[in-house]
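Peer 1:
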Amino acid sequence: MTLTYEDVIAKYEPVLGLEVHVELNTHSKMFCGCSTDFGGEPNTQTCPVCLGMPGALPVVNEKAIESSILIGLALNCSIAPFSRFSRKNYFYPDMPKNFQISQYDEPICVNGYLDVEIDTEEGIKKFRVEIERVHMEEDTGKSLHVGGATGRIHGADYSLLDYNRAGIPLVEIVTKIVPGTGKYAPEVAKAYVAQLRDILRSLGVSDVRMEQGSLRCDANVSLRLIGAEQLGTRSETKNVNSLRSVERAVRGEMIRHAELLNKGERVVQETRHFQEDTGLTRSGRSKEQAEDYRYFPEPDLVPVAPDAAWIEKLRESLPEHPSLRRARLQEQWAVPDKEMAAMLNADALDIVEETVLLGADPTRARGWWLGEISRIANESGVAIVELAITPKDVAQIVALVAKGDLTDKLARQVVEGVIAGEGTPQQVIDSRGLKVVSDESALMAAIERAIAAQPETAEKIRNGHIPAAGALIGAVMKDTKGQADAARVRELLLAHLGQPNTINP
Amino acid sequence: MSQLSRSDVANLARLARIDMTDAELDHLATEMDVILAAVARVQEVATPEIAPTSHPIPIHNVTRPDVVSASLTPEAALSGAPAQEDNRFRVPQILGEEA
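Heads up: the protein sequence lines correspond to chains A and B, in order. Residue numbering for the first sequence follows the UniProt record's numbering, beginning at 1 and increasing consecutively. Residue numbering for the second sequence follows the UniProt record's numbering, beginning at 1 and increasing consecutively.
Printed below as a string of structure tokens:
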């Protein structure tokens with residue numbers, strides 16, 4: 001028996017905790033000069049430092065420290081006047097050193113917050129997500145598991161390691177526990193990651209591409225009976241690679257926990273992996289044996305102690321905060337609150353802005369992205385940004401509608417065609433024959449029928465005998481039971497037969 | 001007084017992936033305890049005025065500019081690897097079927 005989400009929230013209160021890893025977009029790695037470019041041939045971006053060769057010494061990338069401080073400032077954190085790196089010891093081949101350089105008890109930024117807004121049936125709701133810490137570390141290498149049934153680590157015969165990614169600067173942003181979201185926990189989790197991503201993008205410190213792994217979210221979820229003080233056992237879901245997945249993962253885990261608890265079973269504290277296709281999670285490495293990373297201060301790196309002048313200089317360089325940008329765009333575009341929230345929820349602000357910057361009317365641009373395009377995205381279960389339609393396409397379609405070359409109805413077909421991979425709007429218009437027609441596509445069909453029934457008449461018109469058009473127009477009027485506009489039919493007919501519309505009937 | 005039990009040593013050995021015999025564990029439990037006791041004398045002179053330190057010299061903010069430098073060739077990077085395949089380091093099975 002599967003519980004519904006309503007069953008879960010009627011009985012339990014979810015408590016969230018979110019850990020977001022962000023790959024910084026520095027040119028070089030955290031502790032060495034190897035390139036951070038994405039997609040290079042295996043092991044072409046390594047050196048003695050990031051391969052963990054004996055005697056190689058790390059030196060911190062200054063830009064990575066500045067990016068980390070910027071992130072802390074944008075998240076209303078205190079910047080630690082003194083901060084240290086630590087070694088996190090574990091045996092796993094994704095780090096050739098057998099430890100990861102991270103920060104432990106002295107992170108660079110602490111105690112911040114991010115206010116998130118979600119759109120609910122009760123109106124716009126605000127939640128404050130408190131940030132516990134922002135710390136610096138290095139990314140791990142990429143493993144390829146060979147053999148076994150599924151390419152998964154379990155049951156693989158052996159693994160192949162590419163260390164190009166090992167040592168890329170990584171910033172981990174950890175929230176405090178987030179209670180009190182109630183039934184909105186999945187939406188709050190998604191909104192938090194979305195707004196965090198917007199901030200990181202505006203800071204220019206990361207590519208924040210979830211699908212490429214430069215922004216990764218681990219969602220911790222636990223349940224407790226409503227009114228209970230004590231926290232329940234949490235699970236930590238990894239591999240959540242899109243905003244939509246964040247929401248699905250939290251919702252799915254809430255239901256899974258509730259089913260266990262209702263049966264009197266216990267939730268196991270463990271890492272779980274989100275499955276994009278099913279929306280469910282499966283058990284990963286068990287944490288039965290409490291992790292013991294034996295952190296100790298990294299002896300090869302000296303402490304980081306940013307002085308006030310450095311921090312203030314960085315503070316002055318902070319860009320427009322995304323919440324201010326949202327307010328500005330909402331005012332410029334005259335968007336009602338409810339629709340603004342819908343646009344944020346659909347993660348459409350950037351794409352609408354791009355469309356507007358390409359000359360489209362803001363209301364029209366918004367209408368397309370949140371209307372027809374969102375509808376198709378929902379049907380296919382993907383985000384609008386993943387569809388094969390770009391702001392440029394939409395701007396062109398808006399322009400064609402404004403010019404009268406397309407009606408809304410035809411424009412919808414163009415949108416559909418572009419999304420279906422049929423090419424640019426113009427290519428779709430040409431290949432589907434949507435060019436210079438009215439919304440009365442039934443009318444065109446009638447014209448075709450009239451021409452087919454009277455080919456000689458049509459031929460006369462083609463040869464320039466315009467008065468012959470009367471017979472065909474009459475046939476179309478009859479075909480459409482007189483409901484067509486004769487002037488419009490004449491326009492369409494003559495255009496169709498390649499003749500100028502010279503005589504007004 | 002014993003600071004470090006035999007099971008502590010066994011746990012450390014496990015974490016460090018060092019296979020130890022019972023005799024070695026017995027021996028090290030005693031020996032490491034003596035070493036710890038010797039080092040623990042530092043605590044006698046530690047006062048709240050002295051900040052814990054991880055470096056003998058009080059320097060900080062040693063950084064490098066964000067500039068790309070040459071990497072090793074894959075051949076050089078892999079030259080010391082016990083096994084390789086397709087320009088990647090080949091490592092033995094990481095996890096078994098269950099877990």
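Beta carbons are placed, not taken as given, at the ideal position from N, Cα and C, and that holds for glycine. Since the model is a prediction, treat every value here as computed from it, not as a measurement.
1. Give the range of the beta strand (DSSP E) segment to which residue 159(A) is assigned.
2. On the premise that residue 237(A) lies in contact with residue 281(A), defined as a C-beta separation below 8 Å, what is that separation, rounded to the nearest angstrom?
3. Pull up the CB-CB distance for residue 14(B) and residue 29(B), whole angstroms please, since I reckon it's below 8 Å.
4. Between residue 11(A) and residue 225(A), which are expected to be in contact by the criterion C-beta below 8 Å, what is the C-beta distance as a whole number of angstroms?
5. If the criterion is Cβ atoms closer than 8 Å, does the pair residue 139(A) and residue 165(A) meet it?
6. In angstroms with no decimal places, state the Cα-to-Cα distance between residue 466(A) and residue 430(A).
7. Between the segment 36-53 of chain A and the segment 177-196 of chain A, can you find at least three pairs of beta-carbon atoms closer than 8 Å?
8. Please list, in chain order, all residues of the same chain as residue 473(A) whose beta carbon is under 7 Å from its beta carbon, the five residues on each side excluded.
9. Label residue 11(B) either buried or exposed according to how many other C-beta atoms from any shown protein chain fall within 10 Å of its C-beta, with 16 as the threshold for buried.
10. Taking one C-beta from the segment 325-335 of chain A and one from the segment 344-364 of chain A each time, how about it: are there three or more such pairs within less than 8 Å?
11. Count the other CB atoms within 10 Å of the CB of residue 257(A); is the residue buried (16 or more) or exposed (fewer)?
12. What is the DSSP secondary structure of residue 145(A), counted as helix, strand or coil?
13. Between the segment 166-184 of chain A and the segment 320-329 of chain A, do three or more beta carbon pairs fall short of 8 Å?
14. Between residue 319(A) and residue 84(A), how many whole angstroms is the CB-CB distance? I'm expecting something under 8 Å.
15. Listing by chain order, which chain B residues have their CB less than 9 Å from the CB of residue 47(A)?
16. Can you tell me the Cα-Cα spacing of residue 84(B) and residue 54(A), whole angstroms?
17. Under a three-way DSSP split, which group does residue 295(A) fall into?
18. Would you call the segment 127-136 of chain A in contact with the segment 260-269 of chain A, where contact means no fewer than 3 C-beta pairs closer than 8 Å?
19. Using a Cβ-Cβ distance under 8 Å, would residue 15(A) count as near chain B?
20. Is the separation between the beta-carbon of residue 26(A) and that of residue 66(B) shorter than 8 Å?
21. Could you work out which residues of chain B lie near residue 159(A), taking near to mean beta carbons separated by less than 7 Å?
22. Taking 8 Å as the threshold (beta carbon to beta carbon), is residue 437(A) in contact with chain B?
23. In terms of residue numbering, what span does the alpha helix (DSSP H) encompassing residue 262(A) cover?
24. Based on the DSSP output, what are the partners of residue 206(A) in its beta bridges?
25. Look at the alpha carbon of residue 247(A) and the alpha carbon of residue 167(A), and state the distance between them as a whole number of angstroms.
26. At what residues does the beta strand (DSSP E) containing residue 131(A) begin and finish?
27. Kindly indicate the opening and closing residues of the alpha helix (DSSP H) around residue 345(A).
28. Considering only their Cβ atoms, is the gap separating residue 162(A) from residue 42(A) smaller than 8 Å?
29. How about residue 293(A) and residue 125(A): do their beta carbons lie closer than 8 Å?
30. For the alpha helix (DSSP H) containing residue 322(A), list its first residue and its last residue.
31. Any Cβ of chain A within less than 8 Å of the Cβ of residue 59(B)?
32. Which residues in the same chain as residue 419(A) place their Cβ atom closer than 7 Å to its Cβ, once the five residues preceding and following it in sequence are excluded?
33. Find out if the Cβ-Cβ distance for the pair residue 252(A), residue 279(A) is shorter than 8 Å.
34. Compare the beta carbon distance of residue 510(A) and residue 65(A) with 8 Å and say whether it is the shorter of the two.
35. Do residue 110(A) and residue 129(A) count as a contact pair if the criterion is CB distance below 8 Å?
36. Under the three-state reduction of DSSP, which class applies to residue 23(B): helix, strand or coil?
Peer 2: If we stick to the structure as given:
1. 158-162
2. 5 Å
3. Their Cβ separation, rounded to whole angstroms, is 14 Å, which puts residue 14(B) and residue 29(B) out of contact at 8 Å.
4. 7 Å
5. yes
6. 26 Å
7. no
8. 486, 489, 490 and 493
9. exposed
10. yes
11. buried
12. strand
13. no
14. The pair is not a contact, with the Cβ atoms about 29 Å apart (cut-off 8 Å).
15. 69, 70, 71, 72 and 77
16. 20 Å
17. coil
18. no
19. no
20. yes
21. 91 and 94
22. Residue placement at residue 437(A) cannot be trusted, given a pLDDT of 46 that sits under 50; the coordinates are not used to answer.
23. 243-262
24. None, per the DSSP bridge assignment.
25. 30 Å
26. 123-138
27. 337-345
28. yes
29. no
30. 322-333
31. yes
32. 376, 387, 388 and 389
33. yes
34. Since the first residue shown for chain A is 1 and the last is 505, residue 510(A) is missing from the structure and cannot be characterised.
35. no
36. helix
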